[in-house]
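Peer 1: Protein chains in written order, with my numbering: chain E, 666 to 883; chain X, 666 to 883; chain U, 666 to 883; chain F, 666 to 883.
4 protein chains.
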Amino acid sequence: MATIRKSARSTNPAAERPHPDATRRSQRSRQAIYDAALALVGEVGYPKTTIEGIAARAGVGKQTIYRWWSSKAEVLLEAFLDLGEQAVQAQGQEEPYAIPDTGDIAADLKAVLRATVDQLYDPKFEAPSRALAAEGLVNEQLGREFVAKLLEPSLQLHVDRLRAAQAAGQVRPEIDPRIALELFVSPLAQRWLQHTAPVSYAYTDTLVDYALHGLAPR
Amino acid sequence: MATIRKSARSTNPAAERPHPDATRRSQRSRQAIYDAALALVGEVGYPKTTIEGIAARAGVGKQTIYRWWSSKAEVLLEAFLDLGEQAVQAQGQEEPYAIPDTGDIAADLKAVLRATVDQLYDPKFEAPSRALAAEGLVNEQLGREFVAKLLEPSLQLHVDRLRAAQAAGQVRPEIDPRIALELFVSPLAQRWLQHTAPVSYAYTDTLVDYALHGLAPR
Amino acid sequence: MATIRKSARSTNPAAERPHPDATRRSQRSRQAIYDAALALVGEVGYPKTTIEGIAARAGVGKQTIYRWWSSKAEVLLEAFLDLGEQAVQAQGQEEPYAIPDTGDIAADLKAVLRATVDQLYDPKFEAPSRALAAEGLVNEQLGREFVAKLLEPSLQLHVDRLRAAQAAGQVRPEIDPRIALELFVSPLAQRWLQHTAPVSYAYTDTLVDYALHGLAPR
Amino acid sequence: MATIRKSARSTNPAAERPHPDATRRSQRSRQAIYDAALALVGEVGYPKTTIEGIAARAGVGKQTIYRWWSSKAEVLLEAFLDLGEQAVQAQGQEEPYAIPDTGDIAADLKAVLRATVDQLYDPKFEAPSRALAAEGLVNEQLGREFVAKLLEPSLQLHVDRLRAAQAAGQVRPEIDPRIALELFVSPLAQRWLQHTAPVSYAYTDTLVDYALHGLAPR
DNA sequence: CGATAAGCGAGACGGTACGTCAGGTCTTGGA
DNA sequence: TCCAAGACCTGACGTACCGTCTCGCTTATCG
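(1) Do you know offhand how far residue 869(X)'s Cα is from residue 776(E)'s?
(2) Is residue 767(F) helix, strand or coil by DSSP?
(3) Kindly indicate if chain X contains any beta-carbon less than 8 Å away from that of residue 776(E).
(4) Rounded to whole angstroms, what is the Cα-Cα separation between residue 859(U) and residue 840(F)?
(5) Quick check: what's the CA-CA separation for residue 789(E) versus residue 732(E)?
(6) With DSSP as the reference, label residue 861(X) as helix, strand or coil.
(7) Using a Cβ cut-off of 7 Å, which residues of the stretch 784 to 803 of chain X contact any Cβ in chain E, in chain order?
(8) Looking at the secondary structure, which residues open and close the alpha helix (DSSP H) in which residue 793(E) lies?
(9) For residue 865(F), count the other beta carbons within 10 Å of its own beta carbon; 16 or more makes it buried, fewer makes it exposed. Which is it?
(10) At what residue ranges does the stretch 713 to 747 of chain E contain a whole run of the alpha helix (DSSP H), taking only runs of 4 or more?
(11) Under a CB-based cut-off of 8 Å, is residue 711(U) close to chain F?
(12) By a C-beta neighbour count over all protein chains shown, 10 Å radius and 16 as the cutoff for buried, is residue 834(E) buried or exposed?
(13) Give the secondary structure of residue 851(E) by DSSP, where H, G and I count as helix, E and B as strand, and everything else as coil.
(14) If distances are taken between C-alpha atoms only, which option among 780(X), 861(X), 810(X), 850(X) comes closest to residue 875(X)?
(15) Counting only beta-carbon separations shorter than 8 Å, does residue 875(E) have a partner in chain X?
(16) Is residue 882(U) helix, strand or coil by DSSP?
(17) Determine the chain E residues that contact residue 871(X) at a beta-carbon separation under 8 Å, and present them in chain order.
(18) Give the straight-line distance between the Cα atoms of residue 719(X) and residue 800(F), rounded to the nearest whole angstrom.
(19) Given that residue 816(F) touches chain U, what residues does it touch there, using C-beta distances under 8 Å?
(20) Below 8 Å between beta carbons: does that hold for residue 877(E) and residue 853(E)?
(21) I'd like to know if residue 808(U) contacts chain F, where contact means its C-beta is closer than 8 Å to some C-beta of that chain.
(22) Chain E beta carbons: is any one of them nearer than 8 Å to that of residue 879(X)?
(23) Just to make sure I have the definition right: I need the residues of chain E whose C-beta is within less than 8 Å of the C-beta of residue 765(X). Which are they?
(24) Look at the alpha carbon of residue 680(X) and the alpha carbon of residue 686(X), and state the distance between them as a whole number of angstroms.
(25) Suppose contacts are defined by Cβ-Cβ distances below 8 Å. Is residue 804(X) in contact with residue 738(X) by that definition?
(26) Please work out which residues of its chain come closer than 6 Å, Cβ to Cβ, to residue 711(U), disregarding the five sequence neighbours upstream and downstream, and give them in chain order.
(27) Does DSSP put residue 839(F) in a helix, a strand or coil?
(28) Shorter than 8 Å from the beta carbon of residue 702(U) to some beta carbon of chain F?
(29) If the criterion is Cβ atoms closer than 8 Å, does the pair residue 705(F) and residue 722(F) meet it?
(30) Starting from residue 696(U), trace the alpha helix (DSSP H) in both directions and tell me its first and last residue.
(31) Am I right that residue 742(E) and residue 811(E) are in contact with their C-beta atoms under 8 Å? What's the rounded C-beta distance?
(32) Taking the CB atoms as reference points, tell me whether residue 802(U) and residue 830(F) lie closer together than 8 Å.
(33) Alpha carbon to alpha carbon, how far is residue 749(X) from residue 846(E)?
(34) How many angstroms separate the CA atom of residue 728(E) from the CA atom of residue 794(X)?
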């Protein structure tokens, strides 16, 4: 969640959408649409962001949007993915993000969760990701895309780190890492998404401690 | 989460919305609106449910909706709360739900989570609660109402049960129950909401075990 | 053609178009739409007159136009009929137009044709009637309405006058007046509509003379 | 009107439209465009005939149309002229049409008008000529072209025949043939164009009789 | 007990955005 | 260099709902 990766998507050049000829596609327009979509979601919120508004702001015909995407949610999803890619490239980061492995699983997870918190409240990211999450709840197709392209890569890193911890004897070997990671990731996600309670570093640290050592007395 | 209660709301007779005279309110219309709203959300989905559609289906003027509610989300929220109340009354349940206390915290939590799973996939409840959750992500005011009226009461029961477990020495005394419950509630919620993975009894049982005993070797 | 009458249409109060409730209709909007339509056709021409433009100029929602008319041609037709009615009322003319009967059929027809010429080149009338005529050629349904509501009443007056002339022995009794009137009306109409040649009083006088006395030597 | 001639147009090889090099023009495309335009006007009507539709049907790029014509009306006008030429050539008719001169002006005119009626209701000709006439009413530039290229040549033949009749003493010498011909041509044109009344041989015969001998008693 | 004022059903209204169609311009790649 | 193909910006289409507003019509106190 704290991590956005180059993500599988970007390298199948043609025909993600069936009909038009992608080789003739205007990169200028595409980028302008991404920028406009992200800006509008940030400024007026997702529900008041309209395709017409995006087109106008991007200086683009509506048809150019409809040609390549089928809904504002799809536009925003791709815009957000693109934003992630650009953020990665801007840092000159050749390695895709990974969770550090200092040998101390508790410390590493706490560090990652703190970074995740920072990202969740980064104004550039908050509005779009909240909007996409919301849309995904109700629109299953988009929800799956959202999960696969945005969440999954990041979750996989947690799985990897937990497996390493198992190898190092810091996590019990019979634990399923896919489930384990949810103990600390999901609570954070829910608090942030649903405003159920404030999110602080102390909170995420506590989550990691509880998850590692359990609620029951030892 | 598995529980829906009478919930604070129902007994302040006048002026939830400022203007009209609630004593003259037509209960026939109110109920018809609730029914129509829930039916439409179930049949065509939340985004295609419209105020006009609800009014038409309920045989009601649009103004009658706008007089008492300010958005389709509010209508649906109240309709859903009403649905919960009616479900409770139908069972002749005078006591509000509570989590059983057999003395075995693990068993009790597993039972409650299994009941929660059943409710989440009950067709009457799924569409509206998913819709309300989605709307709540993006509309903070509604989100808070949603949390306070629907989630909070149920979460409080978990808190109570965890405190009892602490008194019984089954949960460490320094644990914060508000955070603790998230270890198993949030993962379930997220899997369900975001379709990230299937939800089974085995899964919720595992969550309880992991949460109680931790990931680290003991 | 020189004459616009109260015309049968205006006095069936309800349901010319099936669906909406005509009693609730906004007369303010209706008049604003008529004004806007006529103004736009005069200013930018019929093809560049759009429903959207009419709505904007009239300060009216598009739906208010689509509720009551099915095309811009219909709007313009009714607007034009209304214009005619108002022109008649403005003159305080209680009698519907009629062709004068001085006893001299030649003089009377020449007078009427001169008046017709004046009207054809009246800027308020020219653009809309030309546009409606054009639309009527290609859209048969509208064409029939146009003929029935605008042309027919005026043509009937010519028929009446010709019958009077037959009674007075100025026109041969076996002549069919419906056909006879076309000898001078149609040439005028065609010159005007198709810009085939200029139209002058001398021309219309000549038409009447040729029609009355024939081309062949007597 | 009953006659379509080789007409001035066809033999100025270059630069009717300024820009492109007409010598390199693809005759295949040109013919395909004509065919498509006429077919579409016949099948779906003039208003629903679009440049895109013509291009698609002709298997031609839109630019190929815009390169050589400035509007669908122009395309159709040329297509229609071409159709006339081809019809003439198909009959192996080296002489341009002329009105017969049997010495009996009444009979000759009646014959020509009957032929005109036949042509007006020929399905190949009706839709395009009606469409062009309509467009000409509103678009003065095109209207003049339409008149000059299509109507004028045919009208001139009537003028010639009337002059011959004058020489033969069958038409009064002081009659202006340009005006005279309108007495029978315009009524026919108007009935056909505006669907004001059915057109039959009996009707056109009557027109000729009325025009020649006048309405007044002799 | 009759007046009067509220809620109500209906739905017209001024708007905004939808998703589509076509116009006319421009670019690309193949002949 | 012309042409087919079609992406692009533009602008209008006709539709769906929004939230507001008026209409009569119950209906239920209160003067």
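In this text, a Cβ means the ideal position worked out from N, Cα and C, and glycines have one as well.
Peer 2: Well, looking at it:
(1) 27 Å
(2) coil
(3) no
(4) 23 Å
(5) 27 Å
(6) coil
(7) 795, 796, 798, 799, 801, 802, 803
(8) 788 to 803
(9) exposed
(10) 716 to 723, 727 to 733
(11) yes
(12) exposed
(13) helix
(14) 850(X)
(15) yes
(16) coil
(17) 841, 844
(18) 48 Å
(19) 859, 861
(20) no
(21) yes
(22) yes
(23) Simply none; closest approach about 18 Å.
(24) Caution applies to residue 680(X), whose pLDDT of 37 falls short of 50 and renders its modelled position unreliable; the value that the coordinates give is listed next. Cα to Cα, the separation comes out at about 7 Å.
(25) yes
(26) 796
(27) coil
(28) no
(29) yes
(30) 692 to 709
(31) 6 Å
(32) no
(33) 33 Å
(34) 35 Å
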